[in-house]
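Participant: If you read the sequence shown in our numbering, its first letter stands for residue -17, the second for the next number, and so on.
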Amino acid sequence: MKRRWVVTGVLAWIAVIAGAGLWSYFNDPATTRDQTTIADALPTVDTALARIHSALDPSASVSVLGGYRRTEVSCRVTSARDGTRFTRELLVYVKPSTEAATLDRVKAALPASYEPSVTHSGATDVLSADAGGFVLLRGTVTDQGTIRFTADTGCRVQDAPAQEPTPTPPDRAPVQAVLTTLGTTASQWRTHQLTSPSCRSLSTVEADITGDAARVRSTVDAGSVVLDTEKLFAYRTSAAAVTLRTEGDTLTVTSTTGC
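(1) With a threshold of 7 angstroms on Cβ separation, who are the neighbours of C241 within its own chain once the five nearest residues in sequence on each side are excluded?
(2) From the DSSP secondary-structure annotation, give me the bridge partner or partners of A189.
(3) Between which two residues does the alpha helix (DSSP H) holding T258 run?
(4) Suppose you measure from the CA of T232 to the CA of I191; what does that come to, to the nearest Å?
(5) Got a sec, what are the start and stop residues for the beta strand (DSSP E) A133 sits in?
(6) Tell me the residue span of the alpha helix (DSSP H) that contains L164.
(7) Across the stretch 122 to 138 and the stretch 148 to 164, are there enough close Cβ pairs to call them in contact, namely three or more that are closer than 8 angstroms?
(8) In terms of residue numbering, what span does the alpha helix (DSSP H) encompassing S45 cover?
(9) Cβ of V208 within 8 angstroms of Cβ of K77?
(10) On the criterion of 16 or more Cβ atoms from any shown chain inside 10 Å, does S103 qualify as buried, or is it exposed?
(11) Have a look at the DSSP bridge pairing and note the partners of G114.
(12) Does the Cβ of T162 have 16 or more other Cβ atoms within 10 Å, making it buried, or fewer, making it exposed?
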């Protein structure tokens, strides 16, 4: 009889341990990146970029939101598990000579939990932060008046497609106004969008055309221009932030709204 009670007690204890382990697996926060998936990381990616956009000076900056981009098709999550890696970018155009101050402004606005830091050197200015959930955030001055903010998932298992939120009907009007000025139509349209607790919606509409941005430059009030270089023209309207970017024979027009 005593032996039977011992066996019963051991089995009951095993059941308790197993149950606790299962509860912990499904409820405890992950302690390492390999316990998470790409899908787990994407909301954190979007929240981080939304916070950056919200921190900018709306009168002196123009943003362009990109989509999710796979930067590593195959990487090692662990010695026994393959994974993949995604990034998402927010390009920010500012007035020349204000790049470093913009990074400082963003740093000051990010949550303390991000532990943001900015390094200023003679070569470049860089912001680094930990957005939580093992998502790393980096902001780098890549050219005059240009800052590239990147949120990086790191290598993780992918168990679902990396899909952006289903876009609300895109507001093409600011881009269409440019096309009308140039007397042309778009060969391709794209929309990138994010939602987050700190930003109900941020979206960028893009259109590819052939043409010369010079005609648009002449119609924009100088006080609305944020950046004007040989290949990039960025300005603000009452409704949106607009860019015209030349790459080869293609002129890409974007408008960003939200937050």
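Using N, Cα and C, we set each Cβ at its ideal position, and we do this for glycine too.
Facilitator: Put simply:
(1) Once the five neighbours on either side are set aside, the close Cβ partners of C241 are A32, H35, S36, C181, L184.
(2) W171, V235
(3) Within the shown structure, residues of the chain are numbered from -17 to 241, placing residue 258 beyond reach of any answer.
(4) 6 angstroms
(5) 128 to 134
(6) 155 to 164
(7) no
(8) Boundaries around S45 are those of the beta strand (DSSP E), 43 to 47, since no alpha helix (DSSP H) includes it.
(9) yes
(10) exposed
(11) V117
(12) Exposed: under 16 other Cβ atoms inside 10 Å.
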